[in-house]
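Protein chains in written order, with UniProt numbering: chain A, 1 to 499; chain B, 1 to 651; chain C, 1 to 101. Ideal Cβ placement from N, Cα and C applies to all residues, glycine included. Treat the numbers as computed from the prediction; the structure is a model and nothing was measured. The next block holds one structure in the form of structure tokens; read it before the comments.
Rendered as structure tokens:
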């Protein structure tokens with residue numbers, strides 16, 4: 001089933017590339033149905049997902065041999081964390097594909113690349129094989145590169161190239177680290193389950209430290225953490241709206257997902273030894289991201305920098321959970337918060353970037369100074385924006401709060417001072433989102449944008465689906481938290497509780 | 001079951017969104033009926049819940065979950081909030097502008113719902129949800145008239161100021177969780193050491209910011225940008241009351257934290273005194289009331305710090321009743337004269353009934369027996385006396401100031417016009433007691449209801465009522481001593497005298513002279529606006545000229561700092577605090593400017609520099625290829641030499 | 001005739017050859033320098049062989065092969081120089097930059 005959800009979009013994308021006479025409408029329809037089918041497969045897995053206390057580490061596992069000599073195989077399976085993230089990704093892809101995009105006359109290719117990206121992204125979250133993980137990790141770059149380069153704005157090519165080269169450098173570090181990790185294991189195998197069970201590298205000797213460092217740098221570039229974040233705003237500004245939504249909502253999660261899945265789970269001792277520096281870097285990302293975002297005059301850059309801030313929360317939670325200090329409940333809360341933040345941030349930032357895309361398609365500019373008083377003409381857009389903004393700065397009743405509250409409450413039990421300093425980020429993000437909203441929507445309506453239209457139905461439903469989930473997670477996060485805390489990522493906490 | 005209380009108003013708020021759009025009159029009736037029904041139902045449910053000891057639990061995932069409980073004080077508060085909100089909302093539905101009325105009423109209802117949620121909360125997660133909900137509603141309400149940029153800026157200012165205080169609540173919740181493993185209030189009493197101190201002072205920070213205590217007091221002034229009914233609700237029963245409420249709800253724990261009661265009393269007493277002075281200097285009706293709100297919540301803080309949450313609660317009740325009434329009165333006066341300037345009012349003849357009703361509120365504000373405000377203020381004095389004589393003295397002084405500005409408000413706003421005005425044609429005639437239009441009638445009925453509440457609180461002077469209140473609230477009320485009562489009454493008398501003097505002789509006191517700085521300072525919002533918007537302007541204008549804008553920014557901040565310092569010198573107390581806030585805002589803007597420009601340049605530069613170096617070395621390497629064979633020989637020879645040296649070195 | 005003497009002579013040949021190869025502009029002189037260097041190398045090889053292997057035939061074989069290669073290499077080299085001279089009238093290295101990137 002999981003394999004199917006990866007293959008359907010990939011095959012459909014291939015079909016779109018070779019199918020020569022498709023119109024835009026047909027291409028969109030194909031893309032939509034492939035994406036929806038893929039999501040449907042995931043939902044089927046979700047329905048059969050066991051969240052009970054005896055749930056196995058990974059569920060819905062399937063395995064097909066590939067390169068036996070190297071221990072590489074096609075292995076898929078989910079635990080609560082990867083299921084939650086891939087469900088979010090599937091939904092976000094569906095919404096991004098449904099978004100009415102400016103395809104510049106190349107609709108087939110546009111939807112084809114989107115489907116390709118969906119397939120490889122889901123593959124990354126679902127695979128249980130390190131080498132396959134790495135392959136998908138790099139393939140996402142390819143998909144994104146073309147989306148930015150060919151459907152982006154003015155400086156798209158430069159932005160795409162920078163994005164590609166920068167993150168490719170990160171993935172090289174990851175490749176070296178993966179090899180180091182696998183070779184340290186007694187038997188040659190890229191099976192994640194085996195590596196988690198055997199913990200091939202521990203301690204703080206030179207080799208373990210280098211391998212961990214490779215992972216941290218690679219994932220920090222992808223996440224991105226300060227000071228490796230400078231590719232992010234440029235790529236976001238130049239990318240078209242739906243691609244930005246996917247970039248922020250799905251691709252950034254690969255960094256933090258990898259951080260949990262590989263160093264956090266496979267090298268627990270080494271990770272714990274270096275958790276404190278990582279937490280400090282995360283704190284810097286929180287504050288720096290918020291401050292720099294406040295200084296932006298470009299709408300999309302501002303939202304982009306808040307991603308740095310939010311991913312900082314996630315990494316702070318992961319670092320606190322991996323530090324092996326404090327009680328089990330505190331660590332569980334921190335990691336649960338981090339994973340919830342990944343899901344919540346996917347929905348929230350996805351929605352916000354789609355909204356940014358709506359602004360651009362109406363006014364052709366991201367410059368905040370050219371907006372004002374839009375509340376009169378686009379009340380729906382305003383409602384969507386403020387809902388997204390409120391969720392983003394952690395207003396209770398919305399998804400961001402559930403995540404951030406857990407992260408902070410968990411981190412406080414481990415690093416109280418860092419958590420307390422990190423709280424300042426909450427005020428700054430509130431300020432920057434509200435100031436931006438006021439600039440765009442309030443005051444007297446500017447004449448040059450007084451004629452813009454409110455949201456179209458094709459824009460309303462993807463947005464309302466995303467925002468509905470933001471509200472739903474905010475009010476009843478129980479189901480999501482149950483799911484997240486099932487299985488492999490949280491297994492270490494549960495087992496030691498039992499002892 | 002207890003979650004019904006916050007849910008009810010929110011459901012009605014959704015219903016309010018479906019109110020009819022076009023027919024002007026029908027929409028107002030619809031909304032009035034809706035709000036009255038919502039509030040009456042909520043109050044009724046709260047009474048049932050308080051009597052039945054309702055609790056509630058919504059599990060998310062252990063240890064996260066929402067819990068609710070209604071112990072006596074919370075139960076009483078849960079009843080009080082909708083009772084005060086009922087007349088205010090009815091007034092809002094008829095008094096406020098028709099444009100955006102549905103939105104206003106809906107948000108007001110959610111506002112009440114959020115307040116109920118934080119009242120019934122029995123753990124920090126629930127509290128935080130209610131707390132933030134109230135905060136964001138206040139933002140939306142203050143910025144209600146969004147076409148004016150200044151209003152939205154005021155909303156942002158108020159929201160950010162209180163949000164900063166919310167961090168204290170976050171810290172408290174985190175400390176409680178790390179110490180006890182759950183977010184419940186129950187674990188508080190078992191806490192000690194550093195977590196207890198963090199939790200206690202975090203709560204104080206949160207409460208002080210919500211309740212408009214120093215140094216957060218200025219946001220209450222900016223909150224005046226909202227419609228009148230918003231101010232009334234905000235000050236009387238919701239937002240601002242939340243701070244004092246959470247302190248009195250968790251009082252037994254606060255008393256156990258070393259140094260905390262003293263800190264609470266210090267914050268409360270300073271705010272009470274400085275708030276009184278600022279209020280007395282105000283000639284703007286709503287700001288006078290706003291400053292007095294800070295002062296009275298300061299009194300409640302003093303009572304909590306002294307260990308008498310019951311007293312603080314009763315003062316909260318009395319204050320809610322008279323402050324809502326006075327704000328509604330100010331709204332009426334504004335509608336008649338078109339401004340909030342007290343010196344232009346004197347509406348005793350044009351609004352006789354309103355004046356009469358306001359009198360009850362003003363007397364209660366002044367703390368004159370036998371009105372409710374009088375008794376609760378004396379109780380605060382007595383409570384403070386148990387802590388220290390200084391605190392009691394401060395409270396007595398604050399009471400005197402309160403009497404002074406109450407007298408000034410009442411006499412300026414609803415005093416009889418001066419003799420010379422009688423030459424005018426219609427000024428001489430007393431308007432009919434019962435107003436003619438439907439809107440005026442609803443407004444008067446709302447005010448009458450509130451006046452009735454004020455009179456009801458007066459029953460506290462009767463010992464049997466007092467003992468039954470003590471029993472119902474399960475709180476100890478102190479016995480007043482005669483000496484302080486007399487002293488306090490003398491203070492009130494003096495205060496009344498001063499207030500009357502100002503109202504009669506120095507109508508425009510606060511508009512000129514040394515007190516003019518007050519009026520000047522109130523024009524400050526524009527400056528804050530500049531401090532926020534200017535950095536944004538710099539960024540767009542001087543993107544290329546980094547150095548220029550940085551130096552420029554430095555100069556501007558120095559200028560801002562100089563202006564801030566001069567305000568501090570001119571106006572002590574809240575004036576200084578607002579100046580500081582202005583500078584802080586400017587500073588944050590500057591820092592973000594600097595980080596975004598310089599920092600990005602640095603980190604980006606490192607990467608691009610690396611790329612440049614690689615590219616340059618590639619070009620350099622190409623220059624070696626001259627095509628001349630003897631150059632290649634030379635290079636080969638050099639390489640061989642290097643290889644030989646390396647081999648020698650290695651072996 | 002110790003090994004050291006032979007090696008010193010070989011080193012001297014290599015040094016003279018290197019100097020010639022680097023300092024001379026004419027192709028002919030340059031190739032002579034190269035030949036000298038090769039001869040130096042060859043001399044060192046033979047000396048070492050004579051000293052350690054005691055005249056085993058493999059060493060002689062190597063020396064003969066190198067001499068043969070030198071002869072062929074000279075022949076081809078001069079042929080090339082002649083061809084270039086005919087084509088471009090160039091007999092010094094500065095006049096040929098076709099190998100530039």
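Inset, instruction - Leaving aside the five residues before and after residue 184 (chain A) along the sequence, list all residues of the same chain whose C-beta is less than 6 Å from its C-beta, in chain order. - result: Within the same chain, Cβ atoms closer than 6 Å to the Cβ of residue 184 (chain A) are found at 200 and 201, the five residues on either side in sequence being excluded.
Legend entry - Under 9 Å from the C-beta of residue 173 (chain A): neighbouring residues of chain B: Under the 9 Å cutoff, chain B gives no residues; its nearest Cβ is about 14 Å from residue 173 (chain A).
Inset, instruction - Leaving aside the five residues before and after residue 162 (chain B) along the sequence, list all residues of the same chain whose C-beta is less than 7 Å from its C-beta, in chain order. - result: So the list reads 135, 209, 210 and 219, once near-sequence residues are dropped.
Inset, instruction - Quick one: which residues of the segment 461-485 of chain A get their C-beta closer than 8 Å to a C-beta of chain B? List them in chain order. - result: If the cut-off is 8 Å between Cβ atoms, the segment 461-485 of chain A has 476, 477, 478, 481, 482 and 485 near chain B.
Inset, instruction - Under 9 Å between beta-carbons, which chain E residues line up against residue 22 (chain C)? List them in chain order, please. - result: Any reference to chain E falls outside this structure, whose protein chains are A, B and C.
Inset, instruction - Please name the residue or residues paired with residue 191 (chain A) in a DSSP beta bridge. - result: Answer is A:129.
Inset, instruction - For residue 82 (chain C), go through chain B and note every residue whose CB falls closer than 7 Å to its CB, in chain order. - result: Think of a sphere of 7 Å around the beta carbon of residue 82 (chain C): no beta carbon from chain B falls inside it, the nearest being about 16 Å out.
Legend entry - Inter-residue Cα distance where the pair is residue 11 (chain C) and residue 34 (chain C): 14 Å
Inset, instruction - State the beta-bridge partners of residue 56 (chain B) as determined by DSSP. - result: B:68
Inset, instruction - Give the residues of chain B in contact with residue 492 (chain A), contact being defined as C-beta atoms less than 8 Å apart. - result: What residue 492 (chain A) touches in chain B: nothing, since even the nearest Cβ is about 18 Å away.
Legend entry - Residues bridged to residue 65 (chain A) (per DSSP): A:73
Inset, instruction - Starting from residue 309 (chain A), follow its DSSP beta bridges and name the residues at the other end. - result: Note: residue 309 (chain A) sits in no beta bridge, so no partner.
Legend entry - Partner residues on chain A for residue 97 (chain B), Cβ-Cβ distance less than 7 Å: Correct list: empty, because the minimum Cβ distance to chain A is about 15 Å.
Inset, instruction - Kindly list, in the order they appear in chain B, the residues whose Cβ is closer than 7 Å to that of residue 230 (chain A). - result: 600, 603, 604 and 607
Inset, instruction - Please decide whether residue 246 (chain B) counts as near chain A, where near means a Cβ-Cβ distance under 7 Å. - result: No, its Cβ sits nowhere closer than 7 Å to a Cβ of chain A.
Inset, instruction - Compare the C-beta of residue 93 (chain C) against all C-beta atoms of chain B and say whether one is closer than 7 Å. - result: yes
Legend entry - Of the residues B:63, B:234, B:160 and B:495, the one placed nearest residue 367 (chain B), counting alpha carbons only: B:495
Inset, instruction - Can you tell me the Cβ-Cβ gap for residue 94 (chain A) and residue 35 (chain A), rounded? I've got them flagged as a contact below 8 Å. - result: Rounded, the Cβ-Cβ distance is 5 Å, consistent with contact.
Legend entry - Against chain A: residues of the segment 144-165 of chain B by CB proximity under 9 Å: Per Cβ criterion, the list reads 146, 147, 148, 149, 151, 152, 153, 155, 156, 159, 160, 163 and 164.
Inset, instruction - Under 8 Å Cβ to Cβ from residue 615 (chain B), same chain only, skipping five residues before and after it: list those, please. - result: none
Inset, instruction - Check the Cβ-Cβ distances between residue 97 (chain C) and every residue of chain B, and say whether any is below 7 Å. - result: yes
Inset, instruction - Select from B:648, B:35 and B:221 the residue whose C-alpha is nearest the C-alpha of residue 113 (chain B). - result: If we check each option's Cα against that of residue 113 (chain B), B:35 comes out closest.
Inset, instruction - Measuring only between beta-carbons, confirm whether residue 171 (chain B) sits less than 7 Å from chain A. - result: yes
Inset, instruction - Spell out whether any CB of chain C is found under 7 Å from the CB atom of residue 627 (chain B). - result: yes
Inset, instruction - Kindly list, in the order they appear in chain A, the residues whose Cβ is closer than 8 Å to that of residue 63 (chain B). - result: Within chain A, the residues placing a beta-carbon under 8 Å from that of residue 63 (chain B) are 329 and 333, ordered along the chain.
Legend entry - Endpoints, alpha helix (DSSP H) assigned at residue 364 (chain B): Residue 364 (chain B) -> alpha helix (DSSP H) spans 352-366.
Legend entry - Backbone secondary structure at residue 620 (chain B) - three-state DSSP: helix
Inset, instruction - Kindly indicate which residue of B:446, B:439 and B:59 has the alpha-carbon position closest to the one of residue 358 (chain B). - result: B:446
Legend entry - the segment 1-8 of chain B in contact with the segment 352-361 of chain A per 3-pair CB rule at 8 Å: No, they do not touch.
Inset, instruction - Pick helix, strand or coil for residue 534 (chain A), following the three-state DSSP scheme. - result: Since the first residue shown for chain A is 1 and the last is 499, residue 534 (chain A) is missing from the structure and cannot be characterised.
Inset, instruction - Determine the closest residue to residue 115 (chain B) out of B:83, B:99 and B:100, with distance taken between C-alpha atoms. - result: B:83
Legend entry - Whole-angstrom distance between residue 172 (chain A) and residue 198 (chain A), CA atom to CA atom: 24 Å
Inset, instruction - Give me the Cα-Cα distance between residue 236 (chain A) and residue 175 (chain A), rounded to the nearest whole angstrom. - result: 26 Å
Inset, instruction - Measure the alpha-carbon distance for residue 170 (chain A) versus residue 62 (chain C) and round it to whole angstroms. - result: 52 Å
Legend entry - Residue ranges of each alpha helix (DSSP H) within the segment 257-284 of chain B, 4 or longer: Annotation: the segment 257-284 of chain B contains the following complete segments of the alpha helix (DSSP H) (minimum length 4 residues), in chain order: 260-281.
Inset, instruction - Indicate whether residue 114 (chain A) and residue 97 (chain A) have their beta-carbon atoms separated by less than 7 Å. - result: yes
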